[in-house]
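Accompanying notes for the structure given below.
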Amino acid sequence: MGRLKSMPSRLGALPSRVKAMPKVADRFYQSPEWRAYRDQHRQWTKARQGGVWCCVCGSTHRLILDHREERKDGGADLPAFDKMDWYCTAHHNAKTAEARARRARGGR
2 MGRLKSMPSR LGALPSRVKA MPKVADRFYQ SPEWRAYRDQ HRQWTKARQG
52 GVWCCVCGST HRLILDHREE RKDGGADLPA FDKMDWYCTA HHNAKTAEAR
102 ARRARGGR
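Just add 1 to the spot in the sequence shown (first one is 1) and you have the working numbering.
Listed below in structure tokens is the structure:
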């Protein structure tokens, strides 16, 4: 009697029936208060370390100022300067995805 060969799954080829929610920018990040805070933080960082770069990889391109404790997790809107970090886009997206996954797991 011959061996049964495993059949490849066809489920991976099915299209998703649930569409991703469109990204909606938080209005807070368009506010004059946030823009002024970000500019002040950039000047503070330049004075403190001589420039502004990603705290993970050192890149100086497309930097985003990010809360260490996310606003959705109870962080302040405009915390002390030492409670914020600059990230390049790639590392900011990774950090945000990790925080989102942590919230989805119930904070673990």
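Ideal placement from N, C-alpha and C gives every residue a C-beta, glycine not left out.
Just so you know, these numbers come straight off a predicted model, no measurement behind them.
With a threshold of 7 Å (Cβ to nearest heavy atom), would Cys55 be considered close to the ligand NAP? Within the structure as shown, the ligand NAP is missing, as the structure has no ligands at all.
Can you tell me whether Met22 is buried or exposed, with buried defined as 16 or more other CB within 10 angstroms of its CB? Met22 should be labelled exposed.
Rounded separation between Asp40 and Cys55 - CA only: Asp40 and Cys55 have their C-alpha atoms spaced approximately 16 Å apart.
Rounded to the nearest angstrom, what separates Ala91 and Arg72 at their Cα positions? When rounded, the distance between both Cα atoms is 20 Å.
Within 10 angstroms of its Cβ, does Cys58 collect 16 or more other Cβ (buried), or is it exposed? Exposed, by the Cβ-count rule.
Have a look at Ala78 and Val19 and give me their C-alpha separation to the nearest angstrom. Here residue 78 is Asp; the residue named in the question, Ala, does not match the sequence. Distance between the alpha carbons of Asp78 and Val19: 33 Å.
Exposure of Asp27, with buried meaning 16 or more beta-carbon neighbours within 10 Å: Exposed is the call here.
Pick from Asp74, His93 and His68: whose alpha carbon is nearest that of Phe82? With distances taken between Cα atoms, Phe82 lies closest to His68.
Between Cys89 and the rest of its own chain, which residues show a CB-CB distance below 8 Å, the 5 nearest in sequence each way excluded? Its chain contains Cys55, Val57, Cys58, Ser60, His62, Arg63, Leu64 and Ile65 as the residues whose beta carbon lies nearer than 8 Å to that of Cys89, once the 5 sequence neighbours on both sides are disregarded; these appear in chain order.
Trp35 - DSSP class collapsed to helix/strand/coil: The DSSP-derived three-state label of Trp35 is helix.
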